[in-house]
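Student: Just passing along the structure, written as structure tokens.
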Amino acid sequence: MTDLLTLIVAKYNYWLYVILMMIGLYAMIAKNNLIKKLVGMNIFQTAIILFYVSIGYKRDATIPIIQNAHGGNDAHAAVIHAADYINPLPHVLMLTAIVVSVATFGVAMALAVRVYQRYQTLEEDELRMRLVDIGPEK
Amino acid sequence: MHWLIDLIVLTFVIFCAIAAISVKDLLGTAILFGAYSFMMCLLWAVMGAVDVAFTEASVGAGVSTVFFVAAVFRTSRRTKD
Amino acid sequence: MKFLGFIIVCLTGALLLYGTGEFPGWGDPHSPASIHLSNDYIEKAVEQTQVPNLVTAVLADYRGFDTMFETAVVFCAGLACFLLLRDFKEKKERFYRHTPTGVILHVKDSKKVLKTGKEFEHMDKDWVPSDLIIKTICRILIPFIQIYALYVVAHGDFSPGGGFQGGVIFGSSLILLAISYDLKVLVKRVKEKILGIFSAIGVLIYVGIAAICMPMGGNFLDYSKLAPLVPGDPHHVRALGMLGVEIGVGIAVTAVMVIIYINIVSEGRHEEGL
Amino acid sequence: MDNYPAIIVITPLLAALLAGIAAWTEERLSYPIALIGLAVSMFAAFKVLMQVITSGTINYRMAGWAPPMGIEYTIDLLNAMVLLIVASIAFFNLIASYKSVEQETNDRAGSFYAIYLLFVTGLLGVTATGDLFNLYVLIEITSLTSYTMVALGDRDRGPLASLNYIFIGVIGASFYLLGVGYLYLKTGSLNMVDVANILSGLHGSSTILVAFILCMLGIWIKMALFPMHVWLPNAYSYSPVAFARIVAPLMTKVMVYVMIRLMITVFGLDYIFETLNLSEAVVWLATIAVLAGAVMALAQKNLKKMLAYIIVCEIGYMVGGAWMGNQLGMTGAILHILNDALMTFALFLAVGSMVYKLKRVDFIDLKGLFGKMPWTMAGFVLAAFSIIGVPPTCGFFSKWYLILGAFEAGAYHFAAALVISSLICAVLFFKVFEICFFEPMPEGHGHGDSSSHVTIEEAPLSMLIVSGLVSISLIVAGLYSGTIVNTIILPFLQ
Chain A
1 MTDLLTLIVA
11 KYNYWLYVIL
21 MMIGLYAMIA
31 KNNLIKKLVG
41 MNIFQTAIIL
51 FYVSIGYKRD
61 ATIPIIQNAH
71 GGNDAHAAVI
81 HAADYINPLP
91 HVLMLTAIVV
101 SVATFGVAMA
111 LAVRVYQRYQ
121 TLEEDELRMR
131 LVDIGPEK
Chain B
1001 MHWLIDLIVL
1011 TFVIFCAIAA
1021 ISVKDLLGTA
1031 ILFGAYSFMM
1041 CLLWAVMGAV
1051 DVAFTEASVG
1061 AGVSTVFFVA
1071 AVFRTSRRTK
1081 D
Chain C
2001 MKFLGFIIVC
2011 LTGALLLYGT
2021 GEFPGWGDPH
2031 SPASIHLSND
2041 YIEKAVEQTQ
2051 VPNLVTAVLA
2061 DYRGFDTMFE
2071 TAVVFCAGLA
2081 CFLLLRDFKE
2091 KKERFYRHTP
2101 TGVILHVKDS
2111 KKVLKTGKEF
2121 EHMDKDWVPS
2131 DLIIKTICRI
2141 LIPFIQIYAL
2151 YVVAHGDFSP
2161 GGGFQGGVIF
2171 GSSLILLAIS
2181 YDLKVLVKRV
2191 KEKILGIFSA
2201 IGVLIYVGIA
2211 AICMPMGGNF
2221 LDYSKLAPLV
2231 PGDPHHVRAL
2241 GMLGVEIGVG
2251 IAVTAVMVII
2261 YINIVSEGRH
2271 EEGL
Chain D
3001 MDNYPAIIVI
3011 TPLLAALLAG
3021 IAAWTEERLS
3031 YPIALIGLAV
3041 SMFAAFKVLM
3051 QVITSGTINY
3061 RMAGWAPPMG
3071 IEYTIDLLNA
3081 MVLLIVASIA
3091 FFNLIASYKS
3101 VEQETNDRAG
3111 SFYAIYLLFV
3121 TGLLGVTATG
3131 DLFNLYVLIE
3141 ITSLTSYTMV
3151 ALGDRDRGPL
3161 ASLNYIFIGV
3171 IGASFYLLGV
3181 GYLYLKTGSL
3191 NMVDVANILS
3201 GLHGSSTILV
3211 AFILCMLGIW
3221 IKMALFPMHV
3231 WLPNAYSYSP
3241 VAFARIVAPL
3251 MTKVMVYVMI
3261 RLMITVFGLD
3271 YIFETLNLSE
3281 AVVWLATIAV
3291 LAGAVMALAQ
3301 KNLKKMLAYI
3311 IVCEIGYMVG
3321 GAWMGNQLGM
3331 TGAILHILND
3341 ALMTFALFLA
3351 VGSMVYKLKR
3361 VDFIDLKGLF
3371 GKMPWTMAGF
3381 VLAAFSIIGV
3391 PPTCGFFSKW
3401 YLILGAFEAG
3411 AYHFAAALVI
3421 SSLICAVLFF
3431 KVFEICFFEP
3441 MPEGHGHGDS
3451 SSHVTIEEAP
3461 LSMLIVSGLV
3471 SISLIVAGLY
3481 SGTIVNTIIL
3491 PFLQ
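Those sequence lines, one after another, are chains A, B, C and D.
Counting in the working numbering, the first sequence runs from 1 upward without gaps.
Counting in the working numbering, the second sequence runs from 1001 upward without gaps.
Counting in the working numbering, the third sequence runs from 2001 upward without gaps.
Counting in the working numbering, the fourth sequence runs from 3001 upward without gaps.
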């Protein structure tokens, strides 16, 4: 029983990120509404961020801001133990990833508005019908 | 008991995600999406990723939701799925 | 499509779960990820860069090159929204209000363009007078939000935060102005041209600071070579360089967030909208 | 000056920002700014290539930090070659497209150039970088710019096509990011060389296997390998011509380069071909891609779409060659990166000139084009011969290496597919020639004058000059392909 519990504690974060990611992927593939698909896309991306942040977590460690370092030049007087601080690298990567995802999200929203302006709908099946209506492409 | 908080918040996150993609009102989706982002931000704060959590709070729960509402304002609110 | 999607999702999920089998446990202090590089960062960053917030140190210095392109992505998003949505043509059906009298004109002819200025102003078709309470509260709140945003940018070296977060908060304070009053109020105060130029200038500050290091004898982005240019303690040059870079990021992000919002909410016409 | 590797990537970025400012203040300046930026970048790329050939791999440390901590540019022969190709094609395309940008972007040329330059920055950065995560960020820059451009071209279908492209593109990039995450979890590093060193002790791990599959899937989606190719025809036929001309030759080729880089530098050929033994399956996939691309090209009625499917077919060649598991195949794949970039650039230059004059390039619109635009068509014919693989042109030599590699690996199906697809290409192009040459111009087509006598209406001079230069380079690259293989590709592979 304790084995199972330790296994769950050790892995559930990774399992749940997979579930979350699959929710997003499913929404992207199967949903009919373009905005819904965009929500799925964002869930998909945040799931990856969750995965990276989970990698960075370290038990019994604190946030990656060095304490007692405000004192300028004598900062390195205090010894820094690596085990006391959480790994900062995944956080940095994920800051970048969040920025990229919000940029993509903004552009996608702009495109959705454009599509709506032109076709008055965002449902994929209706869009397909409208596309047939405007005839073969140039 | 970090992992307990973590587990509870994660479960909420998954509920929010499922709700956000299955609600039939897009404005509702926007709000649920904001809630999802905020839960996520809590989760990351618990895991010690303060900078990431800060960014997600300002971007995911803040600006993204505003963009979302703006786009819904300019398109339609109802959807079939 | 739903069934196909379900199968793809299941397959991908199974693949990913298979990969998790050999993962080290969550939060394991001895996993490769928490040993190989991170220890170097944690132990050396403060000494080398004088910045206690490790995330900022790694973000703006060790991996500053990534961050530069991340800012470029933001700039690109701003440009993209402008190119996609901005429409300089007037709508066919428009409403104007004669400001001194409050009379509302309904123009159906597309050719006649009234000059909006002191006498006439554009009006939304579904315009509602904004609520007094909301207006007042937002007017009180906005300056504080902006000061907080500046603090987040400036204090990014020591506490969570930095250029990106600060920029987003500053941008949302401007967006709040548009929501609580009217889009016109924002557009009148912050010209589109200014936003466009500032989104580029913000990135330019970043690239510029990084590029000056090259003629100073260092590699690209090597802030320590800027020491002769900045007064003060040469140990702090890296921290100062990072501050400069963060300010650039903040400016760019603020401008781009506002550009995206304005263009989406007004469908690119900048005169109607939330 | 040891800063050339940084200058290659930085000048287009700087130029993009300045062009972005110029778009708001003095629009006329944006074109010269873009031109200067790309010229400097091309010059730097040339310098770097020379330096690499004479004195070996260049390591450039961003911000001066040593590799696993900081980001490093590792420029060896392969990178240097691809960098020069990207920079010079981007530069020459810019020269050729001044007129057509004016025509297509109505008064937003400044912003267009900014986006164009950002796209080039992304491609150059992807090629130069030696860091796995940096690669992701730069891939996102290229993707974001191409999403925008796809939406700009065709007002009716563009935005929708672009939105679908975003969904596919984000899935691809996210898979790659996830793969990098899996790698990072096992190795704790992001620098390619460092990761490779640690990986050599981890070959049996299931996590590494999944990481490998995810990275490859992501790159394949971005590269438009056959079942994941759906975005590509739209991207090429909806974006503005000036942009389609650069996306077509460069985007897919740079992604092929990334695949080869990941295979050789990060995972290592030993791991892929001996531990995993995936070679056969992927070569079959490539075979199917080649055939499917060729067959789908047959079904098209529009020149742009036809070329897009031919590119799908060409991607099959390169993937097949790279996965053959022997040196000849890899040589063929790398040589084909160079040759295919030149060939598709030449083809799309010609198509660009046609679009500039005719506006539409369905097969019916092409009637009588030989009389109307003789020089453009001459370039088109040469490029088409090269794609088919007629000997003096460069296309022949890379196909030769690919076929030799296929025989050595015993992948006869791939060799057969290669020959069949070349024949199909021949059929396709001769169909186009026939329409252009023999069928008379329809009444009332063109610019209103009666079509009883054929008037020569050539494309602008800038397009013609560039088109001529590229056509000559097709033959030169063909004649010197032995030199290229001996000085660049073989030393790299050893």
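In this text, a Cβ means the ideal position worked out from N, Cα and C, and glycines have one as well.
Looking at C-beta atoms only, is the number of pairs between the stretch 85–104 of chain A and the stretch 2055–2073 of chain C that lie closer than 8 Å three or more?
Tutor: Output reads yes: the stretch 2055–2073 of chain C touches the stretch 85–104 of chain A.
Student: Could you tell me whether the Cβ atoms of F2220/C and N3003/D are closer together than 8 Å?
Tutor: Yes, the Cβ-Cβ distance between F2220/C and N3003/D is below 8 Å.
Student: Is the beta carbon of C2081/C closer than 8 Å to that of I3115/D?
Tutor: No.
Student: Got a sec: which bits of the stretch 76–109 of chain A sit with their beta carbon under 7 Å from any beta carbon on chain B, in order along the chain?
Tutor: Those would be I86, H91, M94, L95, I98, V102, F105, G106, M109, in chain order.
Student: For the stretch 3312–3370 of chain D, which segments carrying the alpha helix (DSSP H) assignment without a break, of at least 4 residues, lie completely within its bounds, in sequence order?
Tutor: For the stretch 3312–3370 of chain D, whole alpha helix (DSSP H) runs of length 4 or above, ordered along the chain, are 3327–3358.
Student: What would DSSP say about M3463/D, mapped onto helix, strand or coil?
Tutor: Helix, per DSSP.
Student: Can you name, in chain order, every residue of its own chain whose Cβ lies under 7 Å from the Cβ of L3202/D, other than the five neighbours on each side?
Tutor: Cβ within range, chain order: K3186, I3208.
Student: Which runs of the beta strand (DSSP E) at least 3 residues long sit entirely within the stretch 2040–2120 of chain C? Give them in chain order.
Tutor: The stretch 2040–2120 of chain C contains these whole beta strand (DSSP E) runs: 2094–2098, 2104–2107.
Student: State the beta-bridge partners of R1078/B as determined by DSSP.
Tutor: In the DSSP output, where bridge partners are listed per residue, R1078/B has D1025/B.
Student: Per DSSP, what kind of secondary structure is T2254/C in: helix, strand or coil?
Tutor: Residue state, collapsed to three classes: helix.
Student: For R3108/D, does the three-state DSSP call read helix, strand or coil?
Tutor: In the structure shown, R3108/D sits in coil (DSSP, three-state: anything other than H, G, I, E or B).
Student: Please determine if the stretch 2221–2233 of chain C and the stretch 2152–2172 of chain C are in contact, where contact requires at least 3 C-beta pairs separated by less than 8 Å.
Tutor: Contact between the stretch 2221–2233 of chain C and the stretch 2152–2172 of chain C is absent, because fewer than three Cβ pairs lie under 8 Å.
Student: Which value, in whole angstroms, describes the spacing of the CA atoms of V1046/B and Y3073/D?
Tutor: Rounded to whole angstroms, V1046/B to Y3073/D spans 36 Å at the Cα level.
Student: Which of the three DSSP states is assigned to D3/A in this structure?
Tutor: Helix at D3/A.
Student: Short check: CB of L3014/D to CB of V2051/C, under 8 Å?
Tutor: In this structure, V2051/C does not lie closer than 8 Å to L3014/D by Cβ.
Student: In chain A, what lies closer than 8 Å to D1081/B by C-beta?
Tutor: Within 8 Å Cβ-Cβ: K31, N32, N33, K36.
Student: To the nearest angstrom, how far is the alpha carbon of V92/A from that of S2034/C?
Tutor: Cα to Cα, V92/A sits roughly 14 Å from S2034/C.
Student: Are the C-beta of Y2261/C and some C-beta of chain D separated by less than 8 Å?
Tutor: Closer than 8 Å: no.
Student: Check each candidate in A3161/D, R3155/D, V3120/D and name the one with the smallest Cα separation from T3145/D.
Tutor: Closest option to T3145/D, Cα to Cα, is V3120/D.
Student: The alpha helix (DSSP H) spanning E3280/D covers which residue range?
Tutor: From DSSP, the alpha helix (DSSP H) with E3280/D extends over 3279–3298.
Student: How about V3210/D and Y2018/C: are their beta carbons less than 8 Å apart?
Tutor: Contact: yes.
Student: Using alpha carbons as the reference points, say which of N3339/D, L3464/D, V3351/D, V3312/D lies closest to S3473/D.
Tutor: Out of N3339/D, L3464/D, V3351/D, V3312/D, N3339/D has the C-alpha closest to the C-alpha of S3473/D.
Student: Hey, is M2242/C's beta-carbon within less than 8 Å of any beta-carbon in chain B?
Tutor: It does not; no Cβ of chain B falls within 8 Å.
Student: Is there a Cβ of chain D sitting closer than 8 Å to that of K138/A, yes or no?
Tutor: Below a pLDDT of 50, predicted positions are generally treated as unreliable, and K138/A, at 48, falls in that range; the measurement from the model is reported next regardless. Output row for K138/A: interface = yes.
Student: For S1037/B and chain C, any beta-carbon pair shorter than 8 Å?
Tutor: It does not: the Cβ of S1037/B has no partner Cβ on chain C nearer than 8 Å.
Student: Given that G2161/C touches chain G, what residues does it touch there, using C-beta distances under 7 Å?
Tutor: Annotation note: the requested chain G is absent from the structure, which comprises protein chains A, B, C and D.
Student: Which bits of chain B does E2043/C rub up against, with CB to CB less than 9 Å?
Tutor: Those do not exist, as E2043/C stays about 18 Å from chain B at its closest Cβ, beyond 9 Å.
Student: If you measure between the beta carbons of L3303/D and V3427/D, is that distance less than 8 Å?
Tutor: Their beta carbons are not under 8 Å apart, which means L3303/D does not touch V3427/D by this criterion.
Student: If we ignore side chains and look at the alpha-carbon of each, how far apart do L3117/D and P3012/D end up?
Tutor: Computed Cα separation, rounded: 6 Å.
Student: Can you check the stretch 2176–2213 of chain C for any alpha helix (DSSP H) of at least 4 residues that lies completely inside it and give the ranges in chain order?
Tutor: Runs of the alpha helix (DSSP H) inside the stretch 2176–2213 of chain C: 2183–2189, 2192–2212.
Student: Does Y3113/D come within less than 8 Å of chain C when only Cβ atoms are used?
Tutor: Output row for Y3113/D: interface = no.
Student: With DSSP run on the structure shown, which of helix, strand or coil describes H2122/C?
Tutor: Strand, per DSSP.
Student: Helix, strand or coil for R59/A? Go by DSSP, reduced to three states.
Tutor: DSSP places R59/A in coil when its eight states are reduced to three.
Student: List, in chain order, every chain C residue whose beta-carbon is nearer than 7 Å to that of T3145/D.
Tutor: Within chain C, the residues near T3145/D are C2076.
Student: Given that A1030/B touches chain C, what residues does it touch there, using C-beta distances under 7 Å?
Tutor: What A1030/B touches in chain C: nothing, since even the nearest Cβ is about 13 Å away.
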